[in-house]
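These notes concern the structure reproduced below.
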Amino acid sequence: MSDVRQHAEDVHEQFSDHIDVAVDDVEGRLRTLVDEYKVPVEEARRSVTNHYLEEAGLEREDIAGGGSEAAEIEDVDEPEQWIDLTAKVIELWEPRSDSVAQVGLLGDPTGTIKFTKWAKSDLPSLSEGGVYELRNVVTDEYEGRYSVKLNSTTGIEEVEGDLEVGDDTSVVEGALVDMQRGSGLIKRCPHDDCTRVLQNGRCNEHGEVEGEFDLRIKGVVDDGIDAHEVIFDAEATEGLTGISLEEAKEMAMDALDTTVVADEIRGRVVGTYYRIEGPTFGRYVLADDVEELDGAVDGEALLIRARSM
Amino acid sequence: MSGSQLTREVARRTFASEFNDATYTFKESDEERAPNYALLPTGERANRVFVVGTLTETEDVGEDSEYWRGRVVDPTGTFFVYAGQYQPEAASVLREAETPAYVSVVGKPRTYETDDGTVNVSLRPESIAVVDEATRNRWVVETAERTLDRIEAFEAWEAEEESPEGAPDATGNEYARMVDERYDLPVENYRRAVVEALESVEGSAD
Chain A
1 MSDVRQHAED
11 VHEQFSDHID
21 VAVDDVEGRL
31 RTLVDEYKVP
41 VEEARRSVTN
51 HYLEEAGLER
61 EDIAGGGSEA
71 AEIEDVDEPE
81 QWIDLTAKVI
91 ELWEPRSDSV
101 AQVGLLGDPT
111 GTIKFTKWAK
121 SDLPSLSEGG
131 VYELRNVVTD
141 EYEGRYSVKL
151 NSTTGIEEVE
161 GDLEVGDDTS
171 VVEGALVDMQ
181 RGSGLIKRCP
191 HDDCTRVLQN
201 GRCNEHGEVE
211 GEFDLRIKGV
221 VDDGIDAHEV
231 IFDAEATEGL
241 TGISLEEAKE
251 MAMDALDTTV
261 VADEIRGRVV
271 GTYYRIEGPT
281 FGRYVLADDV
291 EELDGAVDGE
301 ALLIRARSM
Chain B
1 MSGSQLTREV
11 ARRTFASEFN
21 DATYTFKESD
31 EERAPNYALL
41 PTGERANRVF
51 VVGTLTETED
61 VGEDSEYWRG
71 RVVDPTGTFF
81 VYAGQYQPEA
91 ASVLREAETP
101 AYVSVVGKPR
111 TYETDDGTVN
121 VSLRPESIAV
131 VDEATRNRWV
141 VETAERTLDR
151 IEAFEAWEAE
161 EESPEGAPDA
171 TGNEYARMVD
181 ERYDLPVENY
191 RRAVVEALES
201 VEGSAD
């Protein structure tokens, strides 16, 4: 039950600068919801917070840490979490839609993550190289890759000084043992900022659409200890197989079937050893740098070890 | 999405001599689709393996429908690979392969008991690909290293079991314990196989 008291103190703390309210009053409201109406404590806290926001004539972004938690980028591993980040804007990308005000890459000492800032949220502009305290951003996930969305409740405060950005690059060395579904010549949703892969001509978000062709491999690279899922984009796929997006389209057109492309790719890559370097997105490693391991190997040291055991 | 969240089984590296001794299979859960494991005698479970060797012979041993058997030879022995109508891609590789050729096989261990009660271990392929000699040699060295790691872990477990203090479960190596219960196969056999395999690669490199 001290749990409710703790929440009451947190809420009180958030409003202490704005309105004159007693902790007991906050706790009383929480207890009514939790004890009498059996509302889960998190939901009760949300409701009580809204009550005081209204009373004070404030927006959620005006109070500190409104229900979100301070987090580091490497901790982001599920969608729809409200978190606070202190991060540096590493890159700003060109928004592909009018609904997006800014899009780019954030970094902190633990890694990097994509962010999107909606136009309708009407937030201050972030500049490249700037370090910001971002309160109340929401995590999102798409195909194993996480991002954060800035929204109308997000608080942005520029922080003095620089922030070291961590290297979340992985190196995977092993045999490509499988190519997963969704590899080869695929179609993506043409809607701005969507790019979802179509299933039978349908986008999960936008329904039936005229897709745009793309080429990729979703592969499993296995070193006998772990199986790593690796995504090769069109450029990396061409580097690996010699098949360009244009050639893949021609192959599919000649055969009146897109699956010939995946079959051809599978034949060229499965069973081959690779060294892959690239950033990790969720459970995937994005193949930025790929090297086929076709050189000679030295078993001398192992032989000495085996003989001396 | 939930299906794809399941952890993919790693492809173990094992030489043929050890693979063919892995006659004990087990499941770790009662669920219908629970994965099946073969117990490697160096103390590891294997639901999937990756092997590279020389495809020396292929033969259609099927009666009513095609059922291809391939012999894939590594420096320590022979893997028997069987592919039928449910492995159409692998079957077509075996049908069309020119022997001898280096091939890599990703597949699952399968056991069957013959009329006289011996248990044979074979490999049901998920994929077969023709590869080059460099890939074969890399696999031999990699497999040697993985096998030595397993042998060391097994011997460490044994040493603790036999120590007078009898530190129970100090290393928690449950597959070593399973090997101890199920097999009577000295791991020394597999160390010797590693030495032979490495010597064959070193010899060919000179």
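If you read the protein sequences in the order shown, they are chains A and B. For the first sequence, full-length UniProt numbering begins at 1 and goes up steadily by one. For the second sequence, full-length UniProt numbering begins at 1 and goes up steadily by one. Note that the Cβ used here is the ideal one computed from N, Cα and C, for glycine as well.
The Cβ atoms of A/I231 and A/K249 lie no closer than 8 Å to each other. Comparing alpha-carbon positions, the option among B/E57, B/L123, B/V195, B/R8 lying closest to B/F80 turns out to be B/L123.
Against chain B, the CB of A/R305 has a partner CB under 8 Å away; the residue lies at that interface.
Look at A/G184: its C-beta is not under 8 Å from any C-beta on chain B. A/E300 reaches chain B at E202, counting residues in chain order whose Cβ is nearer than 8 Å.
At a cut-off of 8 Å between beta-carbon atoms, B/A22 makes no contact with chain A. Taking a Cβ-Cβ cut-off of 9 Å, the neighbours of A/D222 in chain B comprise R8, V10, A11, R48, F50, V106, given in sequence order. Interface flag for A/I225 against chain B is set, since a Cβ pair is found closer than 8 Å. Apart from sequence neighbours up to five positions away, the residues of its chain that approach B/F50 with a beta-carbon distance below 8 Å are A11, R12, R13, S104, V105, V106, W139, ordered along the chain. Within its own chain, the residues whose Cβ lies closer than 7 Å to the Cβ of A/G239, once the five positions on either side in sequence are excluded, are V290, listed in chain order.
Here A/G107 is near A/V165, since their CB atoms are less than 8 Å apart.
B/D74 carries a strand assignment under DSSP once its states are collapsed to helix, strand and coil. Restricting attention to A/S125, A/E141, A/V269, the CA atom closest to the CA of A/G174 is found in A/V269. Taking a C-beta cut-off of 8 Å against chain B, the contacting residues of the stretch 251 to 283 of chain A are R266, G267, V270, G271, T272, Y273, listed in chain order. The straight-line gap separating the alpha-carbon atoms of A/T272 and A/S183 is approximately 17 Å. A Cβ-Cβ separation of about 7 Å places A/D168 in contact with A/E74 under the 8 Å criterion. Burial state of A/A119 is exposed, judged by a 10 Å Cβ sphere holding fewer than 16 other Cβ atoms. Secondary structure at A/R266: helix, using DSSP grouped into helix, strand and coil. By the Cβ criterion, the stretch 141 to 157 of chain B is in contact with the stretch 180 to 196 of chain B, since at least three pairs of Cβ atoms, one from each stretch, lie closer than 8 Å. Residue contact with chain A for B/N137: present (Cβ-Cβ distance below 8 Å to some residue of chain A). Look at A/K38 here: in three-state DSSP terms it is coil, with no helix or strand label. Taking the Cα positions, A/E128 is about 49 Å away from A/G299.
Within 10 angstroms of the beta-carbon of B/F26 lie fewer than 16 other beta-carbons, which makes it exposed.
The stretch 30 to 49 of chain B and the stretch 84 to 92 of chain B do not touch, with fewer than 3 CB-CB distances between them shorter than 8 Å.
Contacts with chain A (Cβ-Cβ distance below 9 Å) from the stretch 102 to 127 of chain B involve V103, S104, V105, V106, E126, S127, listed in chain order. Relative to the Cα of A/I83, the nearest Cα in the group A/R305, A/N136, A/D3 belongs to A/N136.
Inter-residue distance for B/T58 and A/G144 is about 41 Å (C-alpha atoms, whole angstroms). Among the bridge pairs identified by DSSP, B/D60 is matched with B/W68. Nearest C-alpha to B/N120 among B/R8, B/A129, B/T54, B/S17: B/S17. If one requires a minimum length of 3 residues, the beta strand (DSSP E) runs lying completely within the stretch 202 to 263 of chain A are 212 to 222, 227 to 232, in chain order.
With distances taken between CA atoms, B/R177 lies nearest to B/W157 out of B/L185, B/P186, B/W157.
Taking a contact as a CB-CB distance under 8 Å, the pair A/L245 and A/L215 counts as one, their CB atoms being some 5 Å apart.
Taking A/P109 as reference, the option from A/V131, A/H206, A/E277 with the minimal CA-CA separation is A/V131. According to DSSP, residue pairing for A/K187 in a beta bridge involves A/F213. Inter-segment contact for the stretch 7 to 17 of chain A and the stretch 42 to 61 of chain A is present: three or more beta-carbon pairs are separated by less than 8 Å. Interface residue (Cβ-Cβ distance to chain A less than 8 Å): B/L55 is not classified as such.
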